[in-house]
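In terms of UniProt numbering, the sequence shown opens at residue 1 and continues consecutively. Written out below as structure tokens is the structure these notes cover.
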Amino acid sequence: MGDTTIKKVSGGQSPQGPDGQRYLASGKHVAMRLWVDEPPTDDKPSAARDYETVGYVIKGRAELQVEGQSVRLEPGDSWLVPAGAEHTYRILETFTAVEATSPPAQVHGRDA
């Protein structure tokens, strides 16, 4: 039998990361984090991460640029940023979204 561990993270008790993200459930190969009411911003500095990110917009709007391609994100939209892809984003309207990263972003300082 494989690992049968169940993890539960209560939203009000979830750890907070250095950029305001809330860390949700996390396993060996995937982790979730929540961004709540992020204010509008100019473009963030461009970055390339060693993990893959998928996300889902709960509310607000943002513009995501990945390797020269630009997409507008609105409630109900989901997105993918491949591992190693150069990307940046700009929040256009107060933004709440959930993301999953694989491998987990917060392991070994990857989220820094």
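Glycine residues also receive a C-beta, built at the ideal position from the N, C-alpha and C atoms.
Pairwise C-alpha distance: residue j and residue i
i    : j   : result
P40  : M1  : 47 Å
G76  : K59 : 8 Å
V9   : G27 : 12 Å
Q106 : A48 : 15 Å
S102 : S14 : 19 Å
S46  : L64 : 11 Å
I91  : G11 : 23 Å
T53  : I6  : 23 Å
T94  : T4  : 38 Å
V72  : H29 : Note that residue 72 corresponds to Arg in the displayed sequence, not to Val. So the alpha carbons of these two residues sit roughly 28 Å apart.
Q69  : L80 : 12 Å
Enclosing beta strand (DSSP E) for residue i [first to last residue]
i           : result
H29         : H29 -> no beta strand (DSSP E), and no H or E assigned at all.
residue 114 : Since the displayed the chain opens at 1 and closes at 112, residue 114 lies outside it and no answer follows.
Q13         : Note, Q13: premise wrong, no beta strand (DSSP E); not H, not E.
T53         : 52–66
Proximity test, residue i beta-carbon vs the ligand FAD heavy atom, cut-off 7 Å
i   : result
D37 : The model on display carries no ligand, and the ligand FAD is accordingly not part of it.
Nonlocal neighbours in the same chain, by C-beta distance under 7 Å from residue i, ignoring five residues either side
i   : result
A97 : W35, G55, Y56, V57, I58
- prompt: Counting pairs of Cβ atoms below 8 Å between the region 32–52 and the region 6–24, do you hit three or more?
  reply: yes
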